[in-house]
Amino acid sequence: MKFTKIALSLLFGTGVFLFWFLVHPLTLSFQEQNQLFLFTWDYLLDHLSRAGGLADYVAEFITQFNCISWLGAALLAVLLVALQYRVWMAGKQNDGWYPLSFIPSILMLIGMGDIYVMPSHAVAICMALGCFRLYRKTKNYGLFELIAIPALYWLAGPAMWIFAVLSVILRIAGHGFDGRSFAFGLAGLVYPALLVILAHYTLLNQYPMKAAIFGIGYYRMPLVVPAIQLVTAGSAVLIPLLLEALPEFRKPVVSAIVLTMLLVYPTYLGVSRAYDEDTQQTIALDQLVRQERWEEAVSAAKKYMPQSPECYVNLNLALCMSGHSVDDITGFRQCGTEGLIMPRVRDFISNVGSYEVFWRLGMVNSCLRYAFDSQESEMNNQKSGRHISRIAECNMVNGNWQLAEKYLDILSHSLFYRKWALERKAMIEGKAEPDQMYLYLQSVRFREDFLFHYPEMGWMLARLYQENNTNAMAAWYFNAWVELMKKEEQK
């Protein structure tokens with residue numbers, strides 16, 4: 016049976032790895048770009064200053080590796096297998112029911128179809144179940160609870176309730192259903208509730224009560240608690256209890272294989288419905304543009320016709336950069352001039368494609384404004400390696416060396432942006448040749464800074480080309496703008 020259990024865990028982990036690596040590798044890059052993990056004491060202490068901070072810190076450490084798709088997929092697979100193992104170790108190890116321990120991990124995988132779900136929830140549940148495993152081995156339950164509950168709440172967040180509920184049930188089961196066990200159970204639930212209330216009114220008073228109860232870093236959007244989050248946490252309590260209560264099988268290997276087969280179809284159904292195709296294609300196009308894989312972006316758009324202005328911004332940029340003519344844009348349905356450059360939107364997704372267009376056109380200040388807005392619109396107050404990199408580059412092109420160095424210094428404390436940042440700092444200090452792209456942008460950008468209104472974008476593109484007729488991209492975008500304006504007027 017030991018071999019069967021190892022084989023099932025390896026099979027599940029391999030499935031998770033292949034799912035992320037082959038089906039949604041670009042979604043991993045999207046998650047990485049919306050955080051910036053720094054190897055500094057201040058970054059660690061900032062996380063430890065809020066409830067659930069250590070779980071967030073560990074999850075962000077894992078997420079930074081998503082820029083290497085195979086490595087990010089492998090680490091996510093390890094995380095979900097670790098969650099499955101913790102669920103299994105939390106209950107009675109009833110071998111025939113081993114596949115039940117995969118249910119919380121499956122629910123977590125389904126939940127990740129929502130791009131706002133953070134892996135910190137999986138890390139926090141692992142921490143809570145690991146704490147419960149230690150609790151079962153201790154002889155002094157009361158002292159352990161007294162210390163573990165506040166510590167776990169501060170390090171892992173509200174996943175602490177998984178430990179609290181399991182520990183109460185274990186103590187009641189050990190003493191029987193009498194007055195003493197009822198008192199223990201009541202105290203075991205009142206104590207963590209009072210701690211959460213106390214934490215909210217003292218150390219976490221800048222957060223609403225809802226965040227203190229349901230978690231600060233489990234979900235990217237503040238004050239939203241998705242149902243799948245509660246269901247996953249509930250399953251992490253229910254499955255260990257079921258493992259304790261269910262009878263043993265005479266042939267555990269056969270029962271484990273049968274249960275696994277019964278879980279396959281619900282897992283497939285849940286995952287296929289959870290990962291919205293429109294959202295995933297929008298992310299995929301954006302990431303292909305980020306990586307300058309222009310022809311792949313065009314091919315992807317041909318297979319899946321874009322549905323949103325954000326998609327069309329990336330598609331049209333890919334058409335331009337891959338050498339397609341303006342006439343080729345008519346091969347796609349288009350969505351007006353917003354499909355070339357979108358008006359500014361205050362969120363962390365919509366502006367990104369447009370600032371990539373501004374950057375390559377030479378409209379550096381517009382790019383800077385869009386990139387800064389995107390950075391400040393991160394809903395969980397994270398920094399973004401992608402946005403900060405672009406902000407630094409805009410300041411370099413504009414000759415704002417001190418401001419550029421400020422952002423490069425931040426990036427130099429990261430793992431995957433460090434080399435890039437140090438190379439740019441060397442350019443500023445005159446120790447390395449300047450990037451040819453920066454020299455080009457300095458030659459084609461506007462000679463003076465001014466404000467303009469979005470409806471004047473066509474005129475701005477025309478002026479950009481008039482000031483420097485070597486800017487072929489400006490001519491392409493102006494002609495495309497005129498073409499799409501004509502189509503809008505004909506409607």
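Numbering-wise (this note's numbering), the sequence shown opens with residue 16 and increments by one. Glycine is no exception: its CB is placed at the ideal position from the N, C-alpha and C atoms.
CA-CA distance, Lys318 to Asp424, rounds to 41 angstroms. Across the structure, Gln48 and Arg401 are spaced so that their CA atoms are roughly 6 angstroms apart. Excluding the 5 residues flanking it on each side, Met442 has same chain C-beta neighbours closer than 7 angstroms at Pro449, Asp450, in chain order. Within the region 125 to 187, the runs of alpha helix (DSSP H) that reach at least 4 residues and sit entirely inside it are, in chain order, 135 to 152, 156 to 171. A Cβ-Cβ contact shorter than 9 angstroms links Asp301 with Gly368. A residue is called buried when at least 16 other Cβ atoms come within 10 angstroms of its Cβ; Lys266 does not meet this threshold and is exposed. For Tyr234, the secondary structure class from DSSP, reduced to helix, strand or coil, is strand. The C-beta distance from Phe178 to Cys146 rounds to 5 angstroms, short enough to meet the 8 angstroms contact threshold. For Gln48, the enclosing alpha helix (DSSP H) has its first and last residue at 40 to 48.
A direct Cα-to-Cα measurement between Glu75 and Glu263 gives close to 40 angstroms. Spatial neighbours of Glu420 in its own chain (CB-CB distance under 7 angstroms, excluding positions within 5 residues in sequence) are listed in chain order as Lys440, Ile443. Fewer than three beta-carbon pairs drawn from the region 104 to 117 and the region 84 to 94 are found closer than 8 angstroms, and the two stretches are therefore not classed as touching. Membership of Arg460 in any alpha helix (DSSP H) is not indicated, and neither H nor E is assigned to it by DSSP. Beta-bridge annotation (DSSP): Thr352 is paired with Cys350.
A distance below 6 angstroms between beta-carbons, with the five flanking residues on each side excluded, links Ser120 to the following residues of its chain, in chain order: Leu95, Leu98, Gln99.
No beta strand (DSSP E) of 3 residues or more sits fully in the region 303 to 360.
Between Val180 and Leu204, the gap from beta carbon to beta carbon is short of 9 angstroms. In the structure shown, Asp291 falls within a coil segment according to DSSP collapsed to helix, strand and coil. Spanning the alpha carbons of Tyr283 and Thr217 requires a straight line of approximately 45 angstroms. Cβ-Cβ distances below 7 angstroms link Asp388 to Arg359, Arg361, Asn366 in the same chain, with the five nearest sequence neighbours on each side left out; the list follows chain order.
With 16 or more other Cβ atoms from the protein chains shown falling within 10 Å of its own Cβ, Leu334 counts as buried. A straight-line Cα-Cα distance of about 10 angstroms links Met500 and Phe493. Just so you know, the alpha carbons of Ala487 and Tyr480 end up roughly 8 angstroms apart.
Shown here for Leu53: same chain residues with a beta carbon closer than 8 angstroms to its own, the five before and five after excluded, namely Ile425, His428, Ser429 in chain order. Separation of the CB atoms of Ile140 and Ala66 is rounded to 15 angstroms, and the pair is thereby denied contact status at 8 angstroms. Between Leu170 and Met142, the gap from beta carbon to beta carbon is short of 9 angstroms.
Non-local beta-carbon contacts of Ala299 in its own chain, meaning distances under 7 angstroms to residues more than five positions away in sequence, involve Leu41, Ala315 in chain order.
DSSP, read as helix, strand or coil, puts Pro223 in coil.
Between the region 377 to 397 and the region 456 to 473 there are three or more inter-stretch CB-CB distances shorter than 8 angstroms, so the stretches are counted as touching. The DSSP-derived three-state label of Asp57 is helix. Around the beta carbon of Val279, a 10 Å sphere encloses fewer than 16 other beta carbons of the protein chains shown; the residue is thus reported as exposed. Of the candidates Leu258, Leu476, Ala436, the residue whose Cα lies closest to the Cα of Leu355 is Leu476. Setting aside the 5 residues that flank it on each side, Leu261 is surrounded in the same chain by Asn109, Trp112, each with a C-beta closer than 7 angstroms to its C-beta; the list follows chain order.
Taking a C-beta distance under 9 angstroms as the contact criterion, Phe159 and Tyr168 do not qualify as a contact pair. Judged by DSSP secondary structure, Leu383 falls within the alpha helix (DSSP H) whose first and last residues are 379 to 391.
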